[in-house]
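Encoded as structure tokens, the structure appears first; notes follow it.
Residue numbers (my numbering), protein chains in the order written: chain A, 87 to 261; chain B, 467 to 656.
This is the structure:
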């Protein structure tokens, strides 16, 4: 007796082609949506792995290959944060006569807050970031203009060391 | 069996097209936004109003960019004649110092990192050139043998970024009014 033919229905090629097109489009859109988040996750994880907060990388040169398009004219300070540890306190005392800024980024790479020298002047920075303003994880990036002068570099170095970025709970004295 | 193999190949091809087109659009398609001479700026860099593609493109090519209220980034990948900039060629940039608290021109290789040059001549700025707003400047970019202001090495694409920190009010309102530096090939490329 001849075995019966496989009775399972098989889709026509047109349906498979349609599904393939939908698959391509879905993967495309998913990748475009996820890429900023994946990149930021990597940047945040790299900064957090440095341990020190803020992390003060050495002056930028061609050996720096962590973040694309770094500026060799700026000194940076980096602070990865997770608001699961509580609100983040950002403090900066002192003054610096050239351009500087503190920028905060969400986990999807949006720059949601920037504080810079012309707005603050010499009065310093003292702000708190919580989840009403930021996604749970984010990144603080401080930029300090250095120029070619060794004296400017030394002044910029001393200024960025003034940055404090820690959970509020760590800054509060508990008796 | 043959049909099954064909279907697997079909879906693998679909996945490749989906992901490959993502890479192509984010890495190879030029920036949208305003243009000034050979320079282009995407004004939504860093912005929460950026669309899906702008946010992804900026993340891939210039992650951690500042919002336009703080900084405007102009990018040039071609000279004034529309020819792609190449690291092995020598270029002359002539311009007028823009109205900004601070500005700089930096050269990057095709991978968006600094050229590995021991001279550390990666960039030029208003400070290094000692020019104030509206003053004329002229710089050269090219290999070490050409004694440039900004040094490149090797072959391949060359990208120039013009950063304007705290741009003046007129530039903030309309970045296309930038008196953009001209980019000219200074001598025949090797």
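Beta carbons are placed, not taken as given, at the ideal position from N, Cα and C, and that holds for glycine.
The structure presented is a predicted model; accordingly, all values stated were derived computationally and were not measured.
Note: residue 542/B is bridge-paired with 626/B in the DSSP secondary-structure output. By the neighbour-count criterion, in which a residue is buried when 16 or more other Cβ atoms sit within 10 angstroms of its Cβ, residue 537/B is buried. Restricting attention to alpha helix (DSSP H) runs no shorter than 4 residues, the region 153-233 of chain A encloses them at 203-206, ordered along the chain. Residue-level contact check: residue 554/B does not touch chain A, since none of the beta carbons of chain A fall below 8 Å from its beta carbon. Within the same chain, and ignoring the five residues on either side of residue 633/B in sequence, the residues whose Cβ sits closer than 6 Å to its Cβ are 538 and 566. Among the residues of the region 599-633 of chain B, those with a Cβ less than 8 Å away from any Cβ of chain A are 627, 629, 631 and 632, in the order of the chain. Under the 10 Å beta carbon count, residue 641/B is surrounded by 16 or more other beta carbons and is classified as buried. Judged by their CB atoms, residue 162/A and residue 231/A are not nearer to each other than the 8 Å cut-off.
Contact annotation, residue 571/B with residue 589/B: C-beta distance approximately 6 Å; criterion of less than 8 Å satisfied. Proximity of the region 612-620 of chain B to the region 520-532 of chain B falls short of the contact definition, fewer than three beta-carbon pairs being nearer than 8 Å.
Of all residues in the region 524-542 of chain B, only 524, 525, 526, 527, 528, 529, 530, 531, 532, 533, 535 and 536 come within less than 8 Å of chain A when Cβ atoms are compared, listed by chain position. Burial check for residue 635/B: the Cβ neighbour count within 10 Å stays below 16, so the residue is exposed.
When 8 Å is used as the limit between beta carbons, residue 641/B is near no residue of chain A, the shortest such separation being about 17 Å. For residue 215/A, there are no C-beta contacts with chain B under 9 Å, since the nearest C-beta of that chain is about 15 Å from it.
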